[in-house]
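Chains as they are written, first to last, in the working numbering: chain A, 2 to 315; chain B, 1303 to 1580.
Every residue gets a Cβ at the ideal spot worked out from N, C-alpha and C, and that includes glycine.
Predicted model only: the values in this text are computed from it and were never measured.
Structure (structure tokens):
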């Protein structure tokens, strides 16, 4: 439980690990050292192609390669993969439903010092809106490895979201199982459900402990699969606990919180408090300081959970 | 090369274009008519393709980067036997496979969905790179618009193709000089397109893109090149239909019934004249 690894690091390692058994190529846009595709490049140089600082071209090139039957990973920072190249991802990859796996790193404010221009808090919303796109946001290194494997085995486009900051390991490598469209209950509880994704999951683990000390029983769900979301688990949580808090290092507009709201409002309406970036840009600073500044702490999450519980009393 | 056969094919493609755009009451006739000769050459003379096996992994690839010229591609594919010619009359209709812009998921013979300008040429680069990776012999052919060369992505792709030595890629640039808002020189001048491709490390040939002998020469030259090849094709927008030729207004407009009859008559007369001369 104490080992800390950035999900981008686990991504690069997973590519190198699975390259033995699966036939795929990897593209990057002059960020191989940062996205960690460089780990793959070092071991499989003939299967790695740098596209330079031209992300739009990279996405359409990836699509072209995929039309010939090869699986392609294309990597850059989330800001440029989902943001700058949105239209190429939509039209070249999404519309023809090609086998391109987008590995987007440096998502969210935990990018840190680079500041707002590089802190992408909108990528989940953007990618989720593309028909047929799978959107996965793993919580730790173990889940990242599983997500990469699932992406390879899935037929069609996948967007994977990874972070720069080293995070706590939550899952056990031997026993962990991942399936697209499925979340996991990490802790059972009855008063409220916290649904978290990515880096927010490990912080929420601590929040659940704080709540317990205060006599509040919170169910904790990890939801890497934001699209398709685990409807069954979301609705079961709504029915059993009657209130939900979503936590994501992403804008509260269009991300996990929205996906959960869309799910419950149609079948089991309960109060949902969305915690994330509140329609604001990030800024420069140490990642750990920024997480505190924007409320990604066990204390704030616990307080937001109580807000969700209060809402169901109204 | 049987030039008369190819000329007949180009005229038949032009009739198909006029029929499609008339049937749809919308679409892009001007920039479709300008590339009919290039398509006739590629699909009836040059490319290794088989309508009986459209997914053959070793086939040559074709990407219509200027995807709005879909009527030209569809007419060519129908004539080549990928689907019945009758289908052309369903172009842009609600339940037709013949979408307003090429859709690789549903149209046999379409190797890449395109329409958003600048992306097709990048996809063509991907296909060419994949051939290099797999040591396959197929070639990739693409058609770009001259207005399309105003998209920055075209030059990202040009840089990429040159960097990875994609000499199995040949892009024809349909240099008809007109775009929606007017002459390209007035809207946003992308010239000199030939010098730009040269500067990006490509083999560049400038030809009359409505002349089959020159298209033939350029394609043969491309296959001998150690670099990717750009063929800058001077063409006539609306070629073959008198009232559409060099008229910017026919970029994205459908003919009425009377104009349709006149266009078909002109093209049929041209076909008959070819038969007499043969």
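According to DSSP, is residue i part of a helix, a strand, or is it coil?
i, result
"residue 23 of chain A", "coil"
"residue 1545 of chain B", "coil"
"residue 1481 of chain B", "strand"
"residue 185 of chain A", "strand"
"residue 1472 of chain B", "strand"
"residue 1394 of chain B", "coil"
"residue 246 of chain A", "strand"
"residue 1403 of chain B", "coil"
"residue 1446 of chain B", "strand"
"residue 37 of chain A", "coil"
"residue 305 of chain A", "helix"
"residue 1385 of chain B", "coil"
"residue 1452 of chain B", "helix"
"residue 1489 of chain B", "helix"
"residue 276 of chain A", "strand"
"residue 108 of chain A", "strand"
"residue 251 of chain A", "strand"
Assuming residue i and residue j make a contact with CB atoms under 8 angstroms, what is their CB distance in whole Å?
i, j, result
"residue 1432 of chain B", "residue 69 of chain A", "4 angstroms"
"residue 73 of chain A", "residue 90 of chain A", "About 12 angstroms; that fails the 8 angstroms criterion."
"residue 135 of chain A", "residue 185 of chain A", "That pair is no contact at about 17 angstroms."
"residue 9 of chain A", "residue 26 of chain A", "With 8 angstroms as the limit, residue 9 of chain A and residue 26 of chain A do not qualify as a contact, their Cβ atoms being about 19 angstroms apart."
"residue 287 of chain A", "residue 113 of chain A", "6 angstroms"
"residue 111 of chain A", "residue 246 of chain A", "With 8 angstroms as the limit, residue 111 of chain A and residue 246 of chain A do not qualify as a contact, their Cβ atoms being about 20 angstroms apart."
"residue 55 of chain A", "residue 41 of chain A", "About 20 angstroms separates the two Cβ atoms, so there is no contact after all."
Could you tell me the distance, in whole angstroms, from the CA atom of residue i to the CA atom of residue j?
i, j, result
"residue 188 of chain A", "residue 66 of chain A", "43 angstroms"
"residue 195 of chain A", "residue 76 of chain A", "30 angstroms"
"residue 2 of chain A", "residue 174 of chain A", "Because the pLDDT of residue 2 of chain A is 48, which lies under 50, any placement of that residue in the model is unreliable, and the number read from its coordinates should be weighed accordingly. Cα to Cα, the separation comes out at about 11 angstroms."
"residue 1321 of chain B", "residue 224 of chain A", "52 angstroms"
"residue 29 of chain A", "residue 53 of chain A", "7 angstroms"
"residue 36 of chain A", "residue 139 of chain A", "15 angstroms"
"residue 1304 of chain B", "residue 1543 of chain B", "24 angstroms"
"residue 1551 of chain B", "residue 1498 of chain B", "28 angstroms"
"residue 1513 of chain B", "residue 1479 of chain B", "17 angstroms"
"residue 109 of chain A", "residue 1365 of chain B", "37 angstroms"
"residue 159 of chain A", "residue 86 of chain A", "15 angstroms"
"residue 244 of chain A", "residue 192 of chain A", "7 angstroms"
"residue 33 of chain A", "residue 105 of chain A", "12 angstroms"
"residue 141 of chain A", "residue 1413 of chain B", "39 angstroms"
"residue 43 of chain A", "residue 1472 of chain B", "32 angstroms"
"residue 1530 of chain B", "residue 1369 of chain B", "21 angstroms"
"residue 58 of chain A", "residue 1476 of chain B", "21 angstroms"
"residue 253 of chain A", "residue 6 of chain A", "26 angstroms"
"residue 62 of chain A", "residue 1463 of chain B", "10 angstroms"
"residue 1338 of chain B", "residue 1356 of chain B", "21 angstroms"
"residue 216 of chain A", "residue 303 of chain A", "12 angstroms"
"residue 218 of chain A", "residue 211 of chain A", "10 angstroms"
"residue 300 of chain A", "residue 204 of chain A", "9 angstroms"
"residue 1333 of chain B", "residue 1409 of chain B", "21 angstroms"
Kindly identify the DSSP beta-bridge partner or partners of residue i.
i, result
"residue 160 of chain A", "A:103, A:136"
"residue 28 of chain A", "A:50, A:75"
"residue 1536 of chain B", "B:1477, B:1510"
"residue 1427 of chain B", "For residue 1427 of chain B, which the question treats as bridged, DSSP gives no partner whatsoever."
"residue 169 of chain A", "A:5"
"residue 219 of chain A", "A:193"
"residue 1531 of chain B", "B:1472, B:1505"
"residue 228 of chain A", "A:136"
"residue 1365 of chain B", "B:1444"
Is the beta carbon of residue i sitting closer than 9 angstroms to the one on residue j?
i, j, result
"residue 200 of chain A", "residue 297 of chain A", "yes"
"residue 1557 of chain B", "residue 1404 of chain B", "no"
"residue 197 of chain A", "residue 257 of chain A", "yes"
"residue 45 of chain A", "residue 153 of chain A", "no"
"residue 1315 of chain B", "residue 1372 of chain B", "no"
"residue 306 of chain A", "residue 208 of chain A", "yes"
"residue 1467 of chain B", "residue 1424 of chain B", "no"
"residue 1 of chain A", "residue 15 of chain A", "Chain A is shown from 2 up to 315; residue 1 of chain A falls before or after that span and cannot be answered."
"residue 1448 of chain B", "residue 1421 of chain B", "no"
"residue 1504 of chain B", "residue 1532 of chain B", "yes"
"residue 1581 of chain B", "residue 1553 of chain B", "Absent from the model: residue 1581 of chain B. The displayed extent of chain B is 1303 to 1580, so no value can be given."
Proximal residues, the region 1408–1432 of chain B versus chain D, C-beta separation under 9 angstroms: Among the protein chains in the structure shown, which are A and B, there is no chain D.
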